[in-house]
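Sequence order for the protein chains is C and G. Okay, so the first sequence: first residue is 142 according to the working numbering, each after it adds one. Okay, so the second sequence: first residue is 142 according to the working numbering, each after it adds one. Everything below concerns the one structure shown next.
There are 2 protein chains.
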Amino acid sequence: MEQRIIDSIEKIVGKDGYSTKPADLYTYGFDASIFHKTPEIVIQPRSTEEVSEIMKIANREKIPVVARGAGTGLCGSAVPIKGGIVMAMQRMNKVKKVSVADLWVDIEPGINYNDLNEVLAKYGFFFPPAPGSAEACHIGGMVALNASGMKAVKYGATRDYVLGLTFVKADGEIVRAGTRTVKDASGYQLARLMCGSEGTLGIITEITLKLTTKPKKSAYCLCAFNNIHDAGSCIAALIAKPMIPASCEMMDSISIKAVNKARGNPLPACEALCIFEADGETDEVVSRDLKIIEEIAKSTGAISVTPSYDQKQIDAWTDARKSILAALSALMPGYTSVSLADDMGVPISKVPAAVKAFQDIAAKYDVTIATYGHAGDGNLHTKMLVQPSNADMWERGVKATDEIFDVCIDLGGTVTGEHGVGIAKAPKYMRERASELSSIIAIKKAMDPNNILNPGKLEQWEGSILANLRYPCKEYM
Amino acid sequence: MEQRIIDSIEKIVGKDGYSTKPADLYTYGFDASIFHKTPEIVIQPRSTEEVSEIMKIANREKIPVVARGAGTGLCGSAVPIKGGIVMAMQRMNKVKKVSVADLWVDIEPGINYNDLNEVLAKYGFFFPPAPGSAEACHIGGMVALNASGMKAVKYGATRDYVLGLTFVKADGEIVRAGTRTVKDASGYQLARLMCGSEGTLGIITEITLKLTTKPKKSAYCLCAFNNIHDAGSCIAALIAKPMIPASCEMMDSISIKAVNKARGNPLPACEALCIFEADGETDEVVSRDLKIIEEIAKSTGAISVTPSYDQKQIDAWTDARKSILAALSALMPGYTSVSLADDMGVPISKVPAAVKAFQDIAAKYDVTIATYGHAGDGNLHTKMLVQPSNADMWERGVKATDEIFDVCIDLGGTVTGEHGVGIAKAPKYMRERASELSSIIAIKKAMDPNNILNPGKLEQWEGSILANLRYPCKEYM
């Protein structure tokens, strides 16, 4: 990057507001995905006004700008594949106001999910989406990717809580979108449009979230099955009852083996399991729902059903579930667990068919694929075990990924359930949203005519998804 | 309209698919607002494909097109102020599929709200927004205006249930937006953008709504107060508890008088009242919440608190509340109740201040204003009593309306809580959303370059809102 541009950036954010040190640039070229690309500069703004001034320079000089939260994304949404500026938002991490009587909270994008919920809990509220990365992720990233997690089956995703937000457009204009009222009717819902746009329409600098009361009681039930098909059938039968659990996690045999090996057998040894959560205002409601879960699990072939109101037991199950990704990397020596087809959504009734198809595809391409996820809303994760330097294995993995995504689309599903599109899913996102592409392209051009905001992503994707691989695979470095 | 254009429209929808009869054109120039404008042709399409073919003609010939549901809108959103085509969607009124196990329903836009809920109730689900026009309104109109009603305080507005939809762009392109999965993460949420765009971005021809389980138990509590300020304080205290009621209706003394006069005193004679609803899975939850409501009502000055589990009593209260609009027209001989500043949203804690301000504004301009609404989410309705042919009174009414809207914006609220923008609110919508205007204009141009979709509305508004008055006021005819 030319020195004159760096100088003008320094005038805005100060000496300690940016870095061009190789170590920093290298570090900020990662997120939690399999991709990496080194930017030219990392900027850590402190205010909406600083972001606005930087965007004016970037727009004038046509420099790519990629906003970055905690870097917990699994798809490469924050990887700066066109270089340029990484706008790292972690210094904008304040809770600006909790308006209890008006049911909203104003925050900066850099605040962590658990930290926000700690603040909200004092007032009896919570922000429910509960991503797997709750300990680390930033709300700004959650909004940019419309993230969600375990509790989305009952409580919805991030988009369902965004009342309004402030964003900076490509040209530096500061826009306050939406309202701070619980309800607002018509007009273009720009706040909802921004939610999920992955930094391609603007840089989010402030967010107003709707407050929701936290249910007072909760309990869990672990159900073991002889095969993943029965587990999927159990979930579909429960939803069709209808009984919407507060969360509903499914694990296949590979995930179970990996966790039991890495963590000292916190889970029963079985071919498949579901961990259900029931919540509500009273013990009566929770126990009634837990009984419904037990009955349906037994009627759909559960070999063991273990309800629990004991927080220690519940924490052990939850920790086990959350440890899958890391545990898989320790399952087979020389193999690492990678996010390729990591996050699909299918119609709930299609979960058994989808999981069966994933297994067939894994066999066809001779790759090891673990399947788990928030199956209560049809959201399935797969993780592939690959030898990082083995190009042939990567290529088989990409072929398997293609087929997994195609299966999900053909089942009426989506390639992106909660982790976003980023790089890994961009080609299939364009297939899934083919009917929307002309509108998407028109809106992007209208909002970012110089195409500087996270360019090359979403509908702009071209080439092979292995082009920016972070692993030491010489064919793709 | 030129005969050659009418002929080409007839080729698409057939002889019985359109009308240019003066009586039909006159009729379809109304909605439930104070506005009227006669279109050139009324078309009643039967399919997405017919809408697409008509849009190709309209786009080529640059003819304005206004989509119309049941015409229950109170702001003029469906009034064709630039003439042209009214696209009346009532023939597209099928429930296409209820997918219970996958938690969605596919419908055409012309189905009525109550009819849809009758279908969903069979499966234990419901579509909660509950507009006041539930008996008559169409879901398509609810989506176009992001409508809601009594239950929005707990269950949200229409936008919170739209998983996907099919719409026809200005150029006739058919777009399927969103998904049929409960969750989908990133990408531009076109379905959410369409929701609330009031027919300015496309014609909605199919809608996929998320299914929600219907709570099994419900009860009500009517609380009477000596003044509207105490009623507002009661609501704010309840929300801050936090305790989110299933619905929360407030009525001022004029509304109460009007209803009691017109309907034989179904309500206690008092200066202000609130009708709260508590719902849940068990009687225990409902009675616990009802007790909280009673305590807080008494502590905030309620002069009487009447809980009820009796459906007949509850229906009487609900009918009374729903009859306000009609009852007000019967309150003062020679006066009719009109929707000018009919639907605002303010922060919940600001409800008392807002109502006080409305009363001062009514006194200042010597007009009679009734205030009521779903105050639990800060949504307030005012109705003005005017002599329809009295130009001076209309002008004072418009001045009062301006000030009411300004008060709500200045309190951090919105001019459109649930009824949409249409004509009545367009000038103040432009003030409220000033920061969003450049983006709104850019998106509208990108999606509708010839500006044929409901032109002259939202950000395009110019002139006096009295220009298209439906009443026999010669100064404005």
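Quick reminder that beta carbons are idealized off the backbone N, C-alpha and C, glycines included.
Is C/R321 close to chain G, meaning its C-beta is less than 8 Å from at least one C-beta of that chain? Yes, C/R321 counts as interfacial toward chain G.
### Task
Can you grab the Cα-Cα spacing for the pair C/Y254 / G/D501, in whole Å?
Roughly 44 Å between the two C-alpha positions.
| task | Taking only the alpha-carbon atoms, compute the straight-line gap between G/F171 and G/Y570 and give it to the nearest angstrom. | result | About 22 Å.
_Contact list for G/I489 against chain C, beta-carbon separation under 8 Å_ = For the C-beta of G/I489, the chain C residues within less than 8 Å are, from N- to C-terminus, A242, D243, L244 and V323.
- Message: Please tell me whether C/S359 and C/A419 are closer than 8 Å, where the distance is taken between their beta carbons.
- Response: In this structure, C/A419 lies closer than 8 Å to C/S359 by Cβ.
Would you check if the segment 244-254 of chain C and the segment 350-357 of chain C touch, i.e. whether three or more CB-CB distances between them fall below 8 Å? Verdict: yes, contact present.
* Asked: How long is the line joining the alpha carbons of G/I198 and G/I150, rounded to whole angstroms?
  -> Their backbone Cα atoms lie some 8 Å apart in a straight line.
**Message:** Let me confirm a value: C/S193 is counted as buried when at least 16 other C-beta atoms fall within 10 Å, else exposed. Which label applies?
**Reply:** Label assigned to C/S193: buried.
Point to revise | Spatial neighbours of C/P269 in its chain, beta-carbon cut-off 7 Å, leaving aside the 5 residues before and after | key: The residues are K292, Y296 and T353.
Open item on the list: Within 8 Å, do at least three Cβ pairs link the segment 450-470 of chain C to the segment 404-416 of chain C?
Closed with: Enough Cβ pairs lie closer than 8 Å, so yes.
Closer than 7 Å by C-beta to G/R572: which residues in its own chain qualify, once you throw out the five before and the five after it? Chain order, please. Closer than 7 Å at the Cβ level, and outside the excluded window around G/R572, lie I550.
Notebook entry, point to check: DSSP beta-bridge partners for C/V556?
Noted result: Looking at the DSSP assignment, C/V556 forms no beta bridge with any residue, so it has no partner.
* Asked: Would DSSP call C/F268 helix, strand or coil?
  -> Residue state, collapsed to three classes: coil.
*Interface flag, G/V309 vs chain C, CB-CB below 8 Å*: No - not a single Cβ of chain C is within 8 Å of the one on G/V309.
Using alpha carbons as the reference points, say which of G/I226, G/V241 and G/K235 lies closest to G/Y159. When each option's Cα is compared against that of G/Y159, the closest is G/I226.
Sort C/G319, C/G290 and C/Y450 by Cα distance to C/L363 and report the nearest one.
Minimum Cα distance to C/L363 is reached at C/Y450.
Handout entry: Collapsed DSSP secondary structure at C/D393 in the structure displayed
Key = DSSP places C/D393 in strand when its eight states are reduced to three.
- Just the Cα atoms here: how many angstroms apart are G/C614 and G/V426? One C-alpha to the other measures close to 54 Å.
field: Nonlocal neighbours in the same chain, by C-beta distance under 7 Å from C/P356, ignoring five residues either side
entry: Same-chain partners within the cutoff: D420, G421 and E422.
*Write down the C-beta distance between G/L599 and G/T341 rounded to the nearest angstrom, noting that I regard them as a contact closer than 8 Å.*
About 6 Å separates the beta carbon of G/L599 from that of G/T341, a gap short enough to meet the 8 Å contact definition.
- Which residues in the same chain as C/G442 place their Cβ atom closer than 7 Å to its Cβ, once the five residues preceding and following it in sequence are excluded? Correct list, in chain order: F366, N367 and D371.
Pull up the distance between the alpha-carbon of G/R404 and that of G/A298, whole angstroms please. Spanning the two alpha carbons is a distance of roughly 30 Å.
At a Cβ threshold of 8 Å, is G/C336 touching chain C? Yes - at least one Cβ of chain C is within 8 Å of the one on G/C336.
7 Å CB neighbourhood of C/K497 in its chain, flanking five on each side removed = Excluding positions up to five away in sequence, the list reads H370.
*asked:* Please return the same chain residues whose Cβ sits closer than 8 Å to the Cβ of G/I395, not counting the five positions on each side in sequence.
replied: For G/I395, where only same-chain residues beyond five positions count, the Cβ hits under 8 Å are L469, L472, T509, I510, A511 and T512.
### Task
State the CB to CB distance for the pair C/H515 and C/C389, rounded to an integer number of angstroms; the pair is presumed to be in contact (CB under 8 Å).
With a beta-carbon spacing of about 7 Å, C/H515 and C/C389 fall inside the 8 Å limit used to define contacts.
Can you give, in chain order, each stretch of the beta strand (DSSP E) that sits fully within the segment 437-470 of chain G and has at least 3 residues?
Scanning the segment 437-470 of chain G for uninterrupted beta strand (DSSP E) segments of 3 residues or longer gives 445-449, listed from N- to C-terminal end.
Which residue marks the beginning of the beta strand (DSSP E) containing C/G282, and which one marks its end? Note, C/G282: premise wrong, no beta strand (DSSP E); alpha helix (DSSP H) at I280 to A285.
field: Straight-line gap, C/K524 to C/D393 (C-alpha atoms, nearest Å)
entry: Approximately 11 Å between the Cα atoms of the pair.
Query raised in the report: Span of the alpha helix (DSSP H) holding C/Y296?
Result: Under the DSSP assignment, C/Y296 falls in the alpha helix (DSSP H) whose first and last residues are A293 to Y296.
What does the Cβ neighbour count give for C/S445, buried or exposed, with the cut at 16 atoms within 10 Å?
Exposed: under 16 other Cβ atoms inside 10 Å.
Beta-bridge partners of C/M485, as assigned by DSSP | In DSSP, C/M485 forms a bridge with C/L521.
So, is C/K152 buried or exposed, given that buried needs 16 or more other C-beta atoms within 10 angstroms? Flag for C/K152 reads exposed.
query = What are the boundary residues of the beta strand (DSSP E) that includes G/T230?
reply = According to the sequence as given, residue 230 of chain G is Met; it is not Thr. The continuous stretches of beta strand (DSSP E) do not include G/M230, and DSSP gives it neither H nor E.
Can you confirm whether the segment 372-385 of chain G touches the segment 269-288 of chain G when touching is taken to mean that 3 or more C-beta pairs between the two stretches lie within less than 8 Å? Result no; under three Cβ-Cβ pairs closer than 8 Å.
At what residue ranges does the segment 537-606 of chain G contain a whole run of the alpha helix (DSSP H), taking only runs of 4 or more?
Counting only runs of 4 or more, we get 567-573 and 578-588.
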